[in-house]
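Enquirer: Residue numbers (mature numbering (1 follows the signal peptide of the UniProt record, and there is no 0)): -19 to -1, 1 to 240.
Ideal Cβ positions, reconstructed from N, Cα and C, are used throughout, including at glycine.
Got a structure for you, written out below as structure tokens; questions coming shortly.
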Ligand SMILES: [Zn+2]
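Rendered as structure tokens:
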């Protein structure tokens, strides 16, 4: 009976998001397992549930440090982790993509709704500090990432391309929760020099307050798998972003996701 109820809820959720004009995608956690071949959406199990997250310790031992781990694996979780070890399936597209109400380098930019709303709040706050931000790239489909990656490989060779470009399925942009940012001038867009621009400095100091984390920090290539990208920010929600930021760790280190 419980399973039937869950199936019904999953079905209703899919139907409800499907009404937004986007084709609803069925969550498929198997796609997150790098040892398995990604399955097509048709074979996905809509009743797949996220792993239980550790509950806080309520036995009264004060001083015990218990880290509450958010849902890092469900496709609809804003804390979904995607990296070279945790790829997405080729058919995955978030169901709640919207156009952020902020300056965009191209009108086709979309992000998941919660991340888009957080962008708006962050951009408004930046403006009050005299900083005019712009989103250069938000959500990218698997196929678009494939085109980008193949172009980079043709230009620089596979080994070099892998340092700065994700293979299709491995891009955080496919989650709809990551964005490449610049100033409205576009100065130093996707370049290391963005770090020293007013916009780059402001983001590094303030983005966490709005739920965004600098995902590929300087000197952490061995851990994150990517070179320093001062322009790439990832939404985790304000609570989680603050904890990650204050830890001074990469996302992989903070959630202990390394092998
Ligand atoms: Zn990026």
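So, at 6 Å on beta carbons, what are the nonlocal neighbours of residue 4 in its own chain, with the 5 sequence-adjacent residues on each side left out?
Expert: Its pLDDT being 38, under 50, residue 4 is placed unreliably in this model, and the value from its coordinates should be taken loosely. Answer for residue 4: no residue qualifies.
Enquirer: Leaving out five residues on either side along the sequence, give the residues of the same chain with a beta carbon under 6 Å from the beta carbon of residue 208.
Expert: 144, 145 and 202
Enquirer: CB-CB under 6 Å to residue 118, same chain, minus the five flanking residues each way: which ones, in chain order?
Expert: 161
Enquirer: Nearer than 7 Å: is that true of the beta carbon of residue 210 relative to any heavy atom of ligand 1?
Expert: yes
Enquirer: Can you tell me which of the three DSSP states residue 193 falls into?
Expert: strand
Enquirer: Would you give the residue range spanned by the alpha helix (DSSP H) that residue 207 belongs to?
Expert: Run containing residue 207: none; DSSP gives neither H nor E here.
Enquirer: If residue 120 sits next to residue 75, beta carbons under 8 Å apart, how far is it from one beta carbon to the other, in whole angstroms?
Expert: 7 Å
Enquirer: Enumerate in chain order the residues of its own chain whose CB-to-CB distance from residue 104 is below 7 Å, with the five nearest sequence positions on each side excluded.
Expert: 83 and 114
Enquirer: Would you say residue 86 and residue 62 are within 8 Å of each other, going by their C-beta atoms?
Expert: no
Enquirer: Nearest CA to the CA of residue 174: which residue from 96, 108, 212 and 236?
Expert: Among 96, 108, 212 and 236, the Cα nearest to that of residue 174 belongs to 212.
Enquirer: Pick out the complete alpha helix (DSSP H) segments inside the segment 130 to 181, 4 residues or longer, and give them in chain order.
Expert: The qualifying runs are 139 to 145.
Enquirer: Under three-state DSSP, which class holds residue 214?
Expert: strand
Enquirer: Where does residue 85 fall in DSSP's three states?
Expert: strand
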